[in-house]
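Asks:
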Amino acid sequence: METGGSSESPAEPKKGKTKTPRKPNESLLKQKSPAEFFAENKNIAGFDNPGKCLYTTVRELVENSLDSAESISELPLVEVTIEEIRKSQFNSMIGLVDRERVDEELYDDYETAKAREKRLAKEARAQETQAKNATLGKKVKEPSVSKGMKGRGEASFYKVTCKDNGRGMPHDDIPNMFGRVLSGTKYGLKQTRGKFGLGAKMALIWSKMSTGLPIEISSSMRGQNYTSFCRLDIDIQRNIPHIHVHEKRDNMNRWHGAEIQVVIEGNWTTYRSKILHYMRQMAVITPYAQFLFKFVSDTPEKNVTIRFARRTDVMPPVPLETKHHPSSVDLLLIKRLIAETSKQNLLQFLQHEFVNIPKAYAERLIGEMGPEFNPKMPVKSLTSQQIVRIHQLFRQAKFDDPSGDCLSPAGEYNLRLGIIKELHPDMVATYSGSAQVFEGHPFIVEAGVSVGGKDVKQGLNIFRFANRIPLLFEQGADVVTRTVLKRINWGSYKINHIQDRIGVFVSIVSTKIPFKGTGKEYIGDDITEISTAVKSAIQQCCIQLKSKIVKRMQAREQQERKRNLSISQMLQVLCMMF
Numbered sequence: 073m074e075t076g077g078s079s080e081s082p083a084e085p086k087k088g089k090t091k092t093p094r095k096p097n098e099s100l101l102k103q104k105s106p107a108e109f110f111a112e113n114k115n116i117a118g119f120d121n122p123g124k125c126l127y128t129t130v131r132e133l134v135e136n137s138l139d140s141a142e143s144i145s146e147l148p149l150v151e152v153t154i155e156e157i158r159k160s161q162f163n164s165m166i167g168l169v170d171r172e173r174v175d176e177e178l179y180d181d182y183e184t185a186k187a188r189e190k191r192l193a194k195e196a197r198a199q200e201t202q203a204k205n206a207t208l209g210k211k212v213k214e215p216s217v218s219k220g221m222k223g224r225g226e227a228s229f230y231k232v233t234c235k236d237n238g239r240g241m242p243h244d245d246i247p248n249m250f251g252r253v254l255s256g257t258k259y260g261l262k263q264t265r266g267k268f269g270l271g272a273k274m275a276l277i278w279s280k281m282s283t284g285l286p287i288e289i290s291s292s293m294r295g296q297n298y299t300s301f302c303r304l305d306i307d308i309q310r311n312i313p314h315i316h317v318h319e320k321r322d323n324m325n326r327w328h329g330a331e332i333q334v335v336i337e338g339n340w341t342t343y344r345s346k347i348l349h350y351m352r353q354m355a356v357i358t359p360y361a362q363f364l365f366k367f368v369s370d371t372p373e374k375n376v377t378i379r380f381a382r383r384t385d386v387m388p389p390v391p392l393e394t395k396h397h398p399s400s401v402d403l404l405l406i407k408r409l410i411a412e413t414s415k416q417n418l419l420q421f422l423q424h425e426f427v428n429i430p431k432a433y434a435e436r437l438i439g440e441m442g443p444e445f446n447p448k449m450p451v452k453s454l455t456s457q458q459i460v461r462i463h464q465l466f467r468q469a470k471f472d473d474p475s476g477d478c479l480s481p482a483g484e485y486n487l488r489l490g491i492i493k494e495l496h497p498d499m500v501a502t503y504s505g506s507a508q509v510f511e512g513h514p515f516i517v518e519a520g521v522s523v524g525g526k527d528v529k530q531g532l533n534i535f536r537f538a539n540r541i542p543l544l545f546e547q548g549a550d551v552v553t554r555t556v557l558k559r560i561n562w563g564s565y566k567i568n569h570i571q572d573r574i575g576v577f578v579s580i581v582s583t584k585i586p587f588k589g590t591g592k593e594y595i596g597d598d599i600t601e602i603s604t605a606v607k608s609a610i611q612q613c614c615i616q617l618k619s620k621i622v623k624r625m626q627a628r629e630q631q632e633r634k635r636n637l638s639i640s641q642m643l644q645v646l647c648m649m650f
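Okay, so the sequence shown: first residue is 73 according to the numbering used here, each after it adds one.
1) For Arg265, which three-state DSSP category applies?
2) Look up Ala227 in the DSSP assignment and say whether it is helix, strand or coil.
3) Grab me the residues of Ile429's own chain with a C-beta within less than 8 Å of its C-beta, minus the 5 sequence neighbours each way, in chain order.
4) What are the start and end residues of each continuous alpha helix (DSSP H) run of 4 or more residues lying completely inside the region 513–566, in chain order?
5) Taking one C-beta from the region 563–579 and one from the region 531–540 each time, how about it: are there three or more such pairs within less than 8 Å?
6) Can you tell me where the beta strand (DSSP E) with Cys302 in it begins and where it stops?
7) Please classify Tyr503: is it buried, with 16 or more other beta-carbons within 10 angstroms of its beta-carbon, or exposed?
8) Report all residues from its chain with a CB closer than 6 Å to the CB of Ile378; omit the five preceding and five following residues, and keep chain order.
9) Figure out for me which residue from Ile308, Gln333, Ala501, Pro586 has the closest Cα to the Cα of Gln103.
10) I believe Glu337 touches Ser164 by the beta-carbon criterion, under 8 Å. Please report the beta-carbon distance rounded to the nearest angstrom.
11) Sort Ile312, Glu440, Arg310, Thr128 by Cα distance to Arg461 and report the nearest one.
12) What is the residue span of the beta strand (DSSP E) that Asp322 lies within?
13) May I ask you to list the residues that DSSP assigns as paired with Gly329?
14) Does the beta-carbon distance from Gly525 to His569 come in below 7 Å?
15) Could you check which residue in Gly548, Val521, Ser564, Ser579 has the C-alpha nearest to that of Ile541?
16) Looking at Ala272 and Phe250, is the spacing between their C-beta atoms short of 7 Å?
17) Could you tell me if Asn339 is buried or exposed, where buried requires 16 or more neighbouring beta carbons within 10 angstroms of its beta carbon?
18) According to DSSP, is Ile615 part of a helix, a strand, or is it coil?
19) Comparing alpha-carbon positions, which option in Lys235, Ser453, Arg310, Glu155 lies nearest Phe109?
20) Looking only at its chain, what residues have a beta carbon closer than 8 Å to the beta carbon of Lys222, apart from the 5 residues adjacent to it on each side?
21) Can you find a C-beta in chain D that's less than 7 Å from the C-beta of Ile541?
22) Can you give me the start and stop residues for the beta strand (DSSP E) that Gln457 sits inside?
23) Thinking C-beta only, is His328 closer than 7 Å to Ser400?
24) With a floor of 3 residues, list each beta strand (DSSP E) that falls wholly inside the region 157–198, ordered by position along the chain.
25) Classify Ser160 as buried or exposed, calling it buried when 16 or more other Cβ atoms lie within 10 Å of its own Cβ.
26) Please state whether the Cβ-Cβ distance between Val150 and Phe363 is less than 7 Å.
27) Is the beta carbon of His262 less than 7 Å from the beta carbon of Glu393?
28) How big is the Cα-Cα spacing for Ser140 and Leu304?
29) Note down the Cα distance separating Pro215 from Arg191, rounded to an integer number of angstroms.
30) Output the distance between the C-alpha atoms of Cys234 and Tyr298, rounded to the nearest integer angstrom.
31) Which term fits Glu444, buried or exposed, when burial requires 16 or more other beta carbons within 10 angstroms of its beta carbon?
32) Please report the straight-line C-alpha distance between Lys566 and Ala609, rounded to a whole angstrom.
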């Protein structure tokens, strides 16, 4: 035993030292967790820069809140607060003592005395020019900010809080729901608001990268006498939650829902208009929800408080999970469905795992597959070649189009109310198309066109929605924008698209929105089925408006004739008198 023990230690290190060294050009095989991938490619999920990160964080939290409330048929009440945190406050939060600058030349905003003198002289000349222009009644431009004065600013950290009255989350599930990327409840086939299934997880990753502070979650479900409180961050490399606190607290008010608080780096100044625009458009497409938005700053004049009141109690139906249409599946999906199915034989599998395959049609399909297939054969015994045969037949055979019953459009009533509530137009028309199909996925296009209104610019103002969420970026390449600008003859509907203040609202819902681009911010113009449906929906609105405009024009002409007739009669009377 002693010799065995002594032979272990000296021999092994020597072997390790005589290993052949890795050549410089040899690559080492590495693996990345999903969290690590999205941390390194955060722009994919809409976290391009600090300003966009703040916007996307707000968007993800608001959409989670709406989904949560709608899932229990509760009229949504969503409160969003963005609190500005100065650098000194942030340092205090993390226990870092402020330090005065020692070597000024190290800093990006440093300027020499000569450069400062030159900048001040330039600013003085600009102010003098502005004063002259103001005296002459000319338009005064905002002064530009020099590089030396821009810096990074101290107000670059924000505490974002979102509270709702939704379903809440089971106590034990909270850590994985927030601290494990690509785990969630939205991976079935149904209409969802989420684009990537990341939700607040990406906000947590950005918090980890920019501030290092954990996220805080409070949650309670209906009927619970306790509130779950969890403070956690995420282990990026291992894609697992790192829990700081996870406990149950008294729920004295019987509140149900979730409250999420995260501290991130951001830029309110550059994305203020986008965030407010997003909230306003969300109020248009969800008039049955009530939103309270607050921006809190140390500088009182920068504070913002906006309440978007609920206009109706009518909610759209909850989107239903559906099964796959045979024409929309690929080989990988068929294999996954076979692995997960509880059905025993091929006939049952085709009938119950896909839509629009009744028993008689399933038997015909199996007969067409060849002699090696039969209805009673175990579905788990299918070979790779047989699965390829099934896939090929799915691509070639005829199937009825899927129903749109699983979809949840806003509805004409809600869309009209939302437009009236937020824009106060002179006229509005709405239209909801029937369900159509693209690559085996049903979709519905709804549209609204308004004329006049509050805060509406002259010309065409385009508002795009996908699965009832606003799309604010990459508008130029979108199918809605191109249809509005190039395919609608506005003049034929008595609408002046240059001088009139026109709002065009288009909402598309589907089990799979065909987004383009890495950020999924627009729907391409190369899908004939969708572009045709969008054009038709807008035209239907314009036809309604044309009728209203013509009636209004006729009424004005009639009033003008009456006025002219009255003047003529008065002149005749005066002539008779004199």
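Every residue, glycine too, gets a C-beta built ideally from N, C-alpha and C.
Replies: Answer, in terms of the structure:
1) coil
2) Annotation note: pLDDT 47 at Ala227 (below 50); position unreliable, no value reported.
3) Pro398, Leu422, Gln423, Leu437, Phe471
4) 551–558
5) yes
6) 298–307
7) buried
8) Phe365
9) Ile308
10) Between Ser164 and Glu337 the Cβ distance is about 16 Å, and since that is not below 8 Å, they are no contact.
11) Glu440
12) 312–322
13) Ser292
14) no
15) Ser579
16) yes
17) buried
18) helix
19) Arg310
20) Unreliable positioning characterises Lys222 in this predicted model, as indicated by a pLDDT of 42, which lies under 50. The coordinate reading is nonetheless provided below. Hits under 8 Å: Asp181.
21) No chain D is part of this structure, which consists of one protein chain only.
22) Element bounds for Gln457: not the beta strand (DSSP E) but the alpha helix (DSSP H), 456–468.
23) no
24) none
25) exposed
26) yes
27) Before going on, a small fix: residue 262 reads as Lys here, not His. Contact flag set, yes.
28) 21 Å
29) Caution is warranted here: a pLDDT of 49 is assigned to Pro215, below 50, making its placement in the model unreliable, and the coordinate value is therefore given only provisionally. Roughly 12 Å separates the two Cα atoms.
30) 20 Å
31) exposed
32) 17 Å
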